[in-house]
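Student:
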Amino acid sequence: MTVRVQIEDFDAGAEINMLRRSDANIGAVAAFVGQVRDLNEGDQVSELVLEHYPGMTEKSLQAIIEQAKERWEVIDALIVHRVGKLKPLDQIVLVLVASSHRKEAFAACEFMMDYLKTEAPFWKKEQTPAGSRWVEAKTSDDEAKKRW
Amino acid sequence: MTVRVQIEDFDAGAEINMLRRSDANIGAVAAFVGQVRDLNEGDQVSELVLEHYPGMTEKSLQAIIEQAKERWEVIDALIVHRVGKLKPLDQIVLVLVASSHRKEAFAACEFMMDYLKTEAPFWKKEQTPAGSRWVEAKTSDDEAKKRW
Amino acid sequence: MTSLIKVLYFARLKENLNYSTEDIDLPTDVANVAQLKAYLAQRGEAWANLFNGKQSIRAAINHALVDNNAQIKDGDEVAFFPPVTGG
Amino acid sequence: MTSLIKVLYFARLKENLNYSTEDIDLPTDVANVAQLKAYLAQRGEAWANLFNGKQSIRAAINHALVDNNAQIKDGDEVAFFPPVTGG
Numbered sequence: 009m010t011v012r013v014q015i016e017d018f019d020a021g022a023e024i025n026m027l028r029r030s031d032a033n034i035g036a037v038a039a040f041v042g043q044v045r046d047l048n049e050g051d052q053v054s055e056l057v058l059e060h061y062p063g064m065t066e067k068s069l070q071a072i073i074e075q076a077k078e079r080w081e082v083i084d085a086l087i088v089h090r091v092g093k094l095k096p097l098d099q100i101v102l103v104l105v106a107s108s109h110r111k112e113a114f115a116a117c118e119f120m121m122d123y124l125k126t127e128a129p130f131w132k133k134e135q136t137p138a139g140s141r142w143v144e145a146k147t148s149d150d151e152a153k154k155r156w
Numbered sequence: 009m010t011v012r013v014q015i016e017d018f019d020a021g022a023e024i025n026m027l028r029r030s031d032a033n034i035g036a037v038a039a040f041v042g043q044v045r046d047l048n049e050g051d052q053v054s055e056l057v058l059e060h061y062p063g064m065t066e067k068s069l070q071a072i073i074e075q076a077k078e079r080w081e082v083i084d085a086l087i088v089h090r091v092g093k094l095k096p097l098d099q100i101v102l103v104l105v106a107s108s109h110r111k112e113a114f115a116a117c118e119f120m121m122d123y124l125k126t127e128a129p130f131w132k133k134e135q136t137p138a139g140s141r142w143v144e145a146k147t148s149d150d151e152a153k154k155r156w
Numbered sequence: 005m006t007s008l009i010k011v012l013y014f015a016r017l018k019e020n021l022n023y024s025t026e027d028i029d030l031p032t033d034v035a036n037v038a039q040l041k042a043y044l045a046q047r048g049e050a051w052a053n054l055f056n057g058k059q060s061i062r063a064a065i066n067h068a069l070v071d072n073n074a075q076i077k078d079g080d081e082v083a084f085f086p087p088v089t090g091g
Numbered sequence: 005m006t007s008l009i010k011v012l013y014f015a016r017l018k019e020n021l022n023y024s025t026e027d028i029d030l031p032t033d034v035a036n037v038a039q040l041k042a043y044l045a046q047r048g049e050a051w052a053n054l055f056n057g058k059q060s061i062r063a064a065i066n067h068a069l070v071d072n073n074a075q076i077k078d079g080d081e082v083a084f085f086p087p088v089t090g091g
């Protein structure tokens, strides 16, 4: 169970292989990769800056993994989240869940993303033709979290 | 939208990168990797042979992607399924779904796995200490499909 | 009028019957999947065991899953197999 | 008895206040998050705009999300920030 907050890019394939090969009781790995889109709220986005709260971020991501472990049979999990300057097509976040069976892996992975979106202290500022602006939180993310 | 049925292993990371980089409107990639477990129904598994129905298999997987596209906003999707001899820790199946948003990507990816498990003509024969046996279909897979 | 069809068997069926594919010239009273199963069940014990209706056998015509009522026509490729176990 | 706490501001708050961190020696009548917000709102227009209750401001004490009723004690690290937008 690992969390990493980093400026550098990540290698989703290498992380998946490391996770799944660690235990032959793993039958399913559910993965999520988030990437920067070139469009948000109808405006062209040329750059994104991700700020976070060092110290709290890591604890918050660890707590999200712990909650997932309490609810589903998670053999191993990983969250990698990038901070700093990002451009469209750059990867932002990787969430992996390894389990014996796919249903548990899918549920835990989606749960972790929904919680990350509403609890982990990251903030996006995006550069558009009209200048830079802080990204607004979405009510759809709060609703996604309430399902669980 | 691609399906591949192959003896060779696949590189999940390379496939994820190829898919996500094709369109800057993609914000979310949901992925599923299935691997061979060393235990099934309480018995040690040393080897698995995957048989399929060439011709029907590819059509069946394409039809599963088409159904997912009708229900969710899928920008691109991929299914790779291996056949032939496999051992514990070998990868069996890769399902990828790229969408603008995570909810659609997760739903379509899980839907595709549930349909693949009950509709795509693959059959597993496993080698255990007591000899070889055909893997029995699970009622839990039929139930997983009925949810959709 | 005769109907010449191709029949394929997979997985456990292929092993139990020791048959993977054959061409069958259908009798005129065999027009759907249920009737083809009944026809095959008459071939002997191994066939009867599989096609007597007690085992869960799936059928496909021309690569599409079908049920027992599906009509079979000249030139069709019909496949019989156990419930699938991929993924 | 005085309570010395550390206060951090993030994202839009940090920019609007032009402040990222400070040490505050709390008055004795400031014992919870709501009272700290009211105390900060008195500092001027930019502060009032953020802490008057009309904006959605999240608070954390010692790295854990808390609500307005959460008690603040000597040595705490209190953070204020907008709703999060990671992922």
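If you read the protein sequences in the order shown, they are chains S, R, P and V.
Read in order, the letters of the first sequence correspond to residues 9 to 156 in my numbering.
Read in order, the letters of the second sequence correspond to residues 9 to 156 in my numbering.
Read in order, the letters of the third sequence correspond to residues 5 to 91 in my numbering.
Read in order, the letters of the fourth sequence correspond to residues 5 to 91 in my numbering.
For each residue, glycine too, the CB sits at the ideal point set by N, CA and C.
My assumption, with CB atoms under 8 Å, is that Val105(S) sits in contact with Cys117(S). Please give the rounded CB distance.
Tutor: Yes, Val105(S) and Cys117(S) are in contact; Cβ-Cβ is about 4 Å, under 8 Å.
Student: Can you pull the chain S residues whose beta carbon is under 7 Å from the beta carbon of Pro96(R), in chain order?
Tutor: Neighbours of Pro96(R) on chain S, chain order: Ala32.
Student: Return no unless some Cβ of chain S is closer than 9 Å to the Cβ of Gln99(R).
Tutor: Yes, Gln99(R) counts as interfacial toward chain S.
Student: Out of Arg12(S), Ser107(S), His109(S), Asn33(S), which one is the CA nearest neighbour of Lys95(R)?
Tutor: Taking only the C-alpha atoms, the option nearest Lys95(R) is Asn33(S).
Student: Determine, using beta-carbon pairs with one atom in the stretch 68–77 of chain R and one in the stretch 51–59 of chain R, whether at least three such pairs fall under 8 Å.
Tutor: Flag = no, the stretch 68–77 of chain R and the stretch 51–59 of chain R do not touch.
Student: To the nearest angstrom, how far is it from the Cα of Ser7(P) to the Cα of Leu21(P)?
Tutor: Between Ser7(P) and Leu21(P), the C-alpha separation is close to 23 Å.
Student: Going by C-alpha to C-alpha distance, which of Glu19(P), Asp71(P), Thr89(P) sits closest to Val82(P)?
Tutor: The option with the nearest alpha carbon to Val82(P) is Asp71(P).
Student: Can Ile61(V) and Phe85(V) be called in contact, C-beta distance under 9 Å?
Tutor: Going by C-beta atoms, Ile61(V) is nearer than 9 Å to Phe85(V).
Student: Nearest-angstrom Cα distance between Phe130(S) and Gln43(R)?
Tutor: Whole-angstrom Cα-Cα distance: 33 Å.
Student: Counting only C-beta atoms, is Pro129(S) closer than 9 Å to chain V at any point?
Tutor: At least one chain V Cβ lies under 9 Å of Pro129(S).
Student: Would you tell me roughly how many angstroms separate the C-alpha atoms of Ala35(P) and Gln59(P), rounded to the nearest one?
Tutor: Cα to Cα, Ala35(P) sits roughly 21 Å from Gln59(P).
Student: Can you tell me whether Asn56(P) is buried or exposed, with buried defined as 16 or more other CB within 10 angstroms of its CB?
Tutor: Exposed is the call here.
Student: Nearest-angstrom Cα distance between Pro62(S) and Val91(S)?
Tutor: Each residue's alpha carbon lies about 10 Å from the other.
Student: Answer with yes or no whether the minimum CB distance from Trp156(S) to chain V is below 9 Å.
Tutor: Trp156(S) does not count as touching chain V.
Student: Just the chain S side, please: which residues come within less than 7 Å of Ile2(R) by C-beta, in chain order?
Tutor: Because residue 2(R) is not part of the residues shown, which for chain R are 9 to 156, the question remains open.
Student: Who are Ile83(R)'s beta bridge partners in DSSP?
Tutor: The partner list for Ile83(R) (beta bridge, DSSP) is empty, contrary to what the question assumes.
Student: In this structure, does DSSP put Asn48(R) in helix, strand or coil?
Tutor: The answer is strand: DSSP assigns Asn48(R) an E or B state.
Student: Where DSSP assigns a beta bridge to Tyr13(V), which residues make up the other side?
Tutor: In the DSSP output, where bridge partners are listed per residue, Tyr13(V) has Phe84(V).
Student: The beta strand (DSSP E) with Ser54(S) in it runs from where to where?
Tutor: Segment: none, Ser54(S) is in no beta strand (DSSP E) and carries neither H nor E.
Student: So within the stretch 72–136 of chain R, which uninterrupted beta strand (DSSP E) runs reach at least 3 residues, ignoring any that extend past its ends?
Tutor: If we require 3 residues or more, the beta strand (DSSP E) runs fully inside the stretch 72–136 of chain R come out as 84–90, 92–94, 99–107, 130–136.
Student: Could you check if Trp156(S) is buried or exposed, using at least 16 other CB atoms within 10 Å of its CB as the buried criterion?
Tutor: When all chains shown are included, Trp156(S) counts as exposed.
Student: Could you check the C-alpha separation between Asp27(P) and Ser140(R) for me, to the nearest Å?
Tutor: Roughly 30 Å separates the two Cα atoms.
Student: Taking Cβ positions only, does Phe55(P) come closer than 9 Å to chain R?
Tutor: It does not; no Cβ of chain R falls within 9 Å.
Student: What is the DSSP secondary structure of Phe40(S), counted as helix, strand or coil?
Tutor: Three-state result, Phe40(S): strand.
Student: Leaving aside the five residues before and after Val41(R) along the sequence, list all residues of the same chain whose C-beta is less than 7 Å from its C-beta, in chain order.
Tutor: Once the five neighbours on either side are set aside, the close Cβ partners of Val41(R) are Ala20, Gln99, Leu102.
Student: Going along the chain, which residues of its own chain have a beta-carbon closer than 6 Å to the beta-carbon of Ala63(V), five neighbours each way excluded?
Tutor: Answer for Ala63(V): Val37, Val70, Phe84, listed in chain order.
Student: Under DSSP, the alpha helix (DSSP H) around Ser148(S) begins and ends at which residues?
Tutor: Per DSSP, Ser148(S) belongs to the alpha helix (DSSP H) from 147–154.
Student: In this structure, does DSSP put Gly63(R) in helix, strand or coil?
Tutor: In the structure shown, Gly63(R) sits in coil (DSSP, three-state: anything other than H, G, I, E or B).
Student: Quick one: what's got a C-beta closer than 7 Å to Val13(R)'s C-beta in the same chain, skipping five residues either side?
Tutor: If we look at Val13(R) and ignore the five residues flanking it on each side, its Cβ neighbours are His60, Thr65, Glu66, His89, Val91.
Student: Select from Ile24(S), Phe114(S), Lys93(S), Leu86(S) the residue whose C-alpha is nearest the C-alpha of Trp80(S).
Tutor: Answer by Cα proximity: Phe114(S).
Student: Can you give the beta carbon distance from Ala85(R) to Met9(R), rounded, assuming they're within the 8 Å contact cut?
Tutor: Ala85(R) to Met9(R), Cβ: 5 Å. Contact.
Student: How about Thr25(V) and Leu17(V): are their beta carbons less than 9 Å apart?
Tutor: Not a contact, by the Cβ cut-off of 9 Å.
Student: Assuming Leu69(R) and Ile83(R) are in contact, meaning their beta carbons sit under 8 Å apart, how far apart are those beta carbons, in whole angstroms?
Tutor: No, Leu69(R) and Ile83(R) are not in contact; Cβ-Cβ is about 18 Å, not under 8 Å.
Student: Along chain R, which residues have their Cβ under 7 Å away from the Cβ of Met121(S)?
Tutor: Per Cβ cutoff of 7 Å: Arg110.
Student: List the endpoints of the continuous alpha helix (DSSP H) containing Gly21(S).
Tutor: Segment 20–29, the alpha helix (DSSP H) holding Gly21(S).
Student: Determine the direct distance from the alpha carbon of Arg45(S) to that of Leu124(S), and round the result to whole angstroms.
Tutor: Answer to the nearest angstrom: the Cα atoms are 18 Å apart.
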